[in-house]
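Everything below concerns the one structure shown next.
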Amino acid sequence: MKKISLLIVIASLIINICAYSLFEDQSGNYIHSFSARTSAMGTTGAAGGQSLFDSSINPSNLSFLERDFNADLSLNFVNNEDDRSIPLYNFFDSYIDNATYSNNSNIFNNTAVGASYRLSNGTFGFTAGMMYRPIIDFSSIYDEQVRNDASSDADTYPPILAKNAIKGEGSIDAYSLMLSSSYSFNEINKLALGLELAFLDGSQDYKKTINWTEFAHTAAGQGVLNDSLYKANYNYDGLMFKLGANYNLNRRLRLGFAFQPKATLDMTVKSHKEFDIIYPEEKLEGDYILPTSIRWGLTYLPRNPFKTTFQMDMEYKKYSEISKFYDDTYAVFVGMEHYIGRAMPLRLGFKHEQSFGNAEIGAISMPTVSAGTAFPIAKNLVLNISGEFSTRTYECLDLFHDSFYDHNGLWRTIKPKDRGWENPDKVEEQFLKVQTNLSYTW
Amino acid sequence: MKRLLFTIIFAAVCILNAIQIDLNTASLQEIKTLPISEQQAKDIYEYRYYTAFYKSIYDLRKIPSIDQETMLKLRPLVEISHYTDLDDTELRREEIYYLLERLGSSEGTQEGFADVWEDYLMTPHNVNKMSYNDILNLPNVSPIDAAAVIKRIALQDTIIDYRNLRSTSGLSHYGATNIRNYVFYHEQPAQQKLFINYQLRYEDKVFEDDTKTLYKEIFRDKNDASVRESDHSYWGYFNLSQASPAVSNKIRLRYGNDFKAGILYSNQKGESTFTENTFADNLDDAKYYAAYESQLDFLGNTRFKAYLGNYRVTFGEGLVMENTDYYSSRKTGYGFSKRILGLTEDLSRTDEYALKGAAFSLENKYSSFTFYYSQDKKDAVIYDLNGDGIIDSNDKDEDGKYQAVSYVTSSVRFDNDDLRGAEAYFNENLSKKINLAPRKDILDETIIGGRWEISPIVGTHVGFSGYQAVYDNAHFVVFDQADIAEQFIRDSADLGKWNMQSSEIQNMYATKTDSYKRNYRQVVGIDWRTNIGNTSFSGEYAELSVEGGTMKIGDDPSAIVLSSFTQFENFNFISLFRNYDLGFDNPYSRAFSEHEKFDDTVLDKNPHTLTNPLIADMFLNSAQAQAERGVYFETRYRINNYLTLNRTYLDIWERLSDGRRSVRFQGDLDYRPIYALSLRTKYKNQVNRYDDDADRGVSKTNETAGIVTAYLSNRDRLQFEYRYTKVWGPPYPYLTNNAESPYVDDDPSSNYDTTVQSQVLMKGDFLKIDFTHNVNDNLRFRTGLGFWNGHGVSHWDWEDMEIDFMGMQGLKYWVLLQNKIANNLYVSMRFRAKHYKTKELEMRAWWNEPVTDNEAYFRNINMDDYAVRLQLDWRF
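Respectively, the protein sequence lines represent chains F and W. Using my numbering, the letters of the first sequence correspond one by one to residues 9 to 450. Using my numbering, the letters of the second sequence correspond one by one to residues 134 to 1009.
Laid out in structure tokens, this is it:
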């Protein structure tokens, strides 16, 4: 019984972890790549090698970098827009679910840096690289107002009863050592193998608050309403491995494969709750799991008036390793790069990803379109820029349950009650991601 | 001495020439022998490999590392040969790329034809050996054009080239242009090689509004004041907010011109995907075929076709058989609304009316014979016969058969177990249980059909066709008038919605009636065509066997189409008469009509009143023509070099279910003062009315559009369009109440005041800009931007290859990328964003409170829709 209670407590804590999107409560937001080129090309890169940060997708890509020394600095911005709607009913009793009750639009950013160097004798090559990058981001901001049912028919805003907020900060960062060796069978056929060993370290601060307004205190009577606070601090620590292989089949085609086995991170949680009383701090320990992922892809170099690279990847993620209620997911990535003129690339991409979903709502599809280009700034120095747009819709439970606001004096005619999965919220999200990276090669 | 010197110089030049390196064939090692750096040699080699073969020495300057000086230094040392590494197939593909692209973009409207025409394009046939039907089946070729070519061939006059083809008497310039890319003029060496086409198509977009309405209907009794829960609708229950995207994978194989095979797996939006299904389910849902086509010389130059798996059959005017799921209004069979006649492959997205089995045809110039056999399971709407609220195998009659209402093409094909689960859940709230529901693959259908055609002279034929569909496990049943409305309508207060138009439902075909019981549906027909001068006359008459004599003509529900097509060089004229009896219920009929079956019935107008709104798919995805009687005229006239009357038509018809009469006219005049500028004006007017002037069913629509198109250099195009629409609709009582109060005498306890006050006038306008930019021959961008004000008027817009319907007020933009990555790889990617407002009358103050009339109000809702499409085509 104790065990079950503990599991319930851990589960309730885990559910509160969030990032960019309030949906990614289990995993945080994965940051797939810090290469603006890769990003612009639909995050393809299993058979990449045109950018140092490609090696975070497949470490054997290191052997295919054009120059011996590479250094990259990357910065990305993500704008997440989250619209939450509640179900309503129209004249014919059918429900519409586009009456948005909260809109949150926030910008988050991340930075990564890396360098690599290759030793080669023509046939054998050996490349070593180091990289710092966040792989999971827990940043999130959410605000919501609770208003009562007064005066809404008179074209005026009803008074605010409470302000709800969620704020998350932190990330899991990877400090990676990457090694790759290659063997050239001849001028064309080349095989490369790669390994990434990443030390993962991270923390997350999470806060969820409900603050009553002065209006509510007056309406309900002084001393009746108590603000609510929940705070948690998470710490993560662990190791992650990634293996990769790349093979140049001919001058036009390269095949790539990457495998990341399940990584289990140690997680410690300290949580704190205040409502009508201040609860004592709770400490818990648990696991945070990065599921197994397998990715394979190709790079095709056709003859095209605009020098062209076409890339396509597929990825399988075994989310069922985290929970049997989660679906395993598949993702498809397609990207193309054309050189318009001598040095101006036009990059375009498409990505179809699935979020893991859960027993109630299943996997969630998220299509993405992307574009980007690059500017040579100085000799051996290039600035890459990309933009990605993604959208998805899903159902979820109310983040702040309505029964909390059920107090005498606050409402005119209604009695707020909790909603379950029979009447969930609809969430529409759009992500706009702008990524830049500065590459120095020598 | 002079001679010696000359000899030495000549020898030196010869030697120098002899060692000139051909940049289009030299190896990297050879290029490295030139007096340039290793990097430059590599760049020269890679330019050829990854960009293009060299056309001249000056192409070297396109390489960043080669400057003018280096180029001049290399000029005497290198040569540029005319070289390509493309084989004949690849060269052909290169040549017809723009046509392949055009076919791909018309896939939406001419569903499934693109595959057939693509094969023709890739391996054109010898025009001198083609049959009348072969030529007629090419895009935009008229019967007059086809007859002109065949008549000439019949006179043993060989057509030797395109110029020669154009001189064919009776062949229009337009016809010749359309034929030219699909034919050769002499026997080509047989390309006994394997052609492989693979296509991946991904599409994620929101459901159409009508479909949403149907799925979002809440199952509850009218007087039920309890909490309304979204999961008591199909939308909420199946969580369609996050429906999976539509994905299709298609592989086609062809060996020479004789052997063909293919497989298609696709799931529509919201259906379970390939990875979620079992292998057996995927195989069930897949379409596939294998075919053999050959010329049998020992049978007097007879063409033989045999198909196993999925195939498509179309005859005459589509009255007896044209098996597609897709409806197309005003399908005359000419020009852009053409049918491919005969037996063809089928890897289209058609599912419900797909034929699966075996078929063959034999055709020579005097006669043709087609036989087809299909055994497949179809989706159908089934009655809950025992009334227990569960539609399952217990709902069989005394013959052990289900009671079916109709075929149905479901917007989302849910699994039967899932549907049963949903219905059981919904029934918890209902006093009248769900008694009608669609079921996937419930109907065992076996079709045997055939056609025999006699063609005594070129361009003239008479064909006899028919099929019998045998249903082993179900009876089609139609209740009598007193009962049928009760079966379809949930609440007795809504029985008034069962209007006269719904007599179309009462007149559906039944296999079990009071007077007979059978297990089949049988349709027979006769079709004909003849050309007199420059006019082609054609027609088809068909009968559905009901209670008449098997061999007797005229005693059963029938349908007839008569049409003529007159062609001059700059002018053509189509006239068409159709008359389809209300009882002619042939699910495989796709003949000309203004509306699809069940238009304006309760299935169309009032899905919320149905016992199960899901059966409204019978209308929403109906492909069958509505029972109409009317005449239609259409013309195109190129008046002079500047002025062209584009497709202009007039249709006058009567809907036979309720006698409503309509007139529709559309005119389209194009003025091109210079070639690069087109000024078009389009006008459309439609009036619907009943003979009884007092009837409120009168409606009028006026639509005027001005379109300015500038044809820029490099095939770029810029287009502006402005459209203004006015609709006088029949007054809708609920929406035309007293402006001050919706209640009688302002008393909220009273009923709604349903007094008819006036007609409803709606006005709307639409402005759009389209731009096409060809970056080069391989890369094209198309983009569109549109604003509209609907005010109740429904706007439509052709975006790239699909039609979009818009509501109240909004803005949208879309970008399409068409990218030929390589000679065998094509990518098309499209993104659309649509932001619009809509208004809903809501009856709600809080989600979990009982609704009272006082809480009704209009609410503005802002909608954001995004759509993404990706298509990859690999052709080997």
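Note that CB positions come from ideal geometry on N, CA and C, so glycine has one too.
Taking C-beta pairs closer than 7 Å, name the residues in chain F that residue i reaches, listed in chain order.
i: W/Glu362; result: Glu430 and Asn431
i: W/Tyr335; result: His360
i: W/Phe1063; result: In this structure chain W extends from 134 to 1009, so residue 1063 of chain W is not present and cannot be described.
Please report the straight-line C-alpha distance between residue i and residue j, rounded to a whole angstrom.
i: F/Phe364; j: F/Ala371; result: 5 Å
i: F/Gln58; j: W/Tyr191; result: 29 Å
i: W/Leu845; j: W/Ala809; result: 7 Å
i: W/Arg361; j: W/Asp616; result: 30 Å
i: F/Tyr448; j: W/Ala376; result: 44 Å
i: W/Glu163; j: W/Ile154; result: 7 Å
i: W/Leu1022; j: W/Tyr516; result: Within the shown structure, residues of chain W are numbered from 134 to 1009, placing residue 1022 of chain W beyond reach of any answer.
i: F/Glu293; j: F/Glu177; result: 20 Å
i: W/Ser755; j: F/Ser113; result: 43 Å
i: W/Pro589; j: W/Ile665; result: 14 Å
i: W/Asp714; j: F/Arg400; result: 48 Å
i: W/Ile523; j: W/Arg553; result: 7 Å
i: W/Leu327; j: W/Ala394; result: 11 Å
i: F/Met352; j: F/Phe207; result: 37 Å
Under the three-state reduction of DSSP, which class applies to residue i: helix, strand or coil?
i: W/Thr888; result: For W/Thr888, the pLDDT reaches just 43, beneath the cut-off of 50, and the residue's location in the model is therefore unreliable, leaving the point undetermined.
i: W/Phe725; result: coil
i: W/Tyr823; result: coil
i: W/Pro690; result: coil
i: W/Met684; result: coil
i: W/Ile587; result: strand
i: W/Arg546; result: coil
i: W/Val735; result: helix
i: F/Trp429; result: coil
i: F/Glu437; result: strand
i: F/Met49; result: coil
i: W/Met77; result: Past the edges of chain W, shown from 134 to 1009, lies residue 77 of chain W, and the structure says nothing about it.
i: W/Trp931; result: strand
i: W/Tyr230; result: helix
i: F/Gln230; result: coil
i: F/Val154; result: strand
i: W/Met751; result: helix
i: W/Gly468; result: helix
Which residues does DSSP list as the beta-bridge partners of residue i?
i: F/Asp295; result: F/Asp274
i: F/Tyr338; result: F/Tyr324
i: F/Ala120; result: F/Ser82
i: W/Lys730; result: None, per the DSSP bridge assignment.
i: W/Glu836; result: W/Lys817 and W/Thr858
i: W/Val316; result: W/His258
Please say whether residue j and residue i have beta carbons closer to each other than 8 Å?
i: F/Trp220; j: F/Ala173; result: no
i: W/Ile785; j: W/Thr465; result: no
i: F/Asp90; j: F/Val340; result: no
i: W/Ser722; j: W/Gln757; result: yes
i: W/Gly919; j: W/Asp930; result: yes
i: W/Lys510; j: W/Asp548; result: no
i: W/Val514; j: W/Ala570; result: yes
Counting only Cβ pairs nearer than 7 Å, list the residues of chain W close to residue i.
i: F/His346; result: Leu912
i: F/Thr399; result: Tyr999
Please list, in chain order, the chain F residues whose beta carbon lies closer than 8 Å to that of residue i.
i: W/Ile954; result: Tyr308, Pro310, Asn312, Thr316, Phe318 and Met344
Using the beta-carbon of each residue, which ones in chain W are nearer than 8 Å to residue i?
i: F/Lys434; result: Ser374
i: F/Ala170; result: Result: empty, since nearest Cβ-Cβ is about 16 Å, beyond 8 Å.
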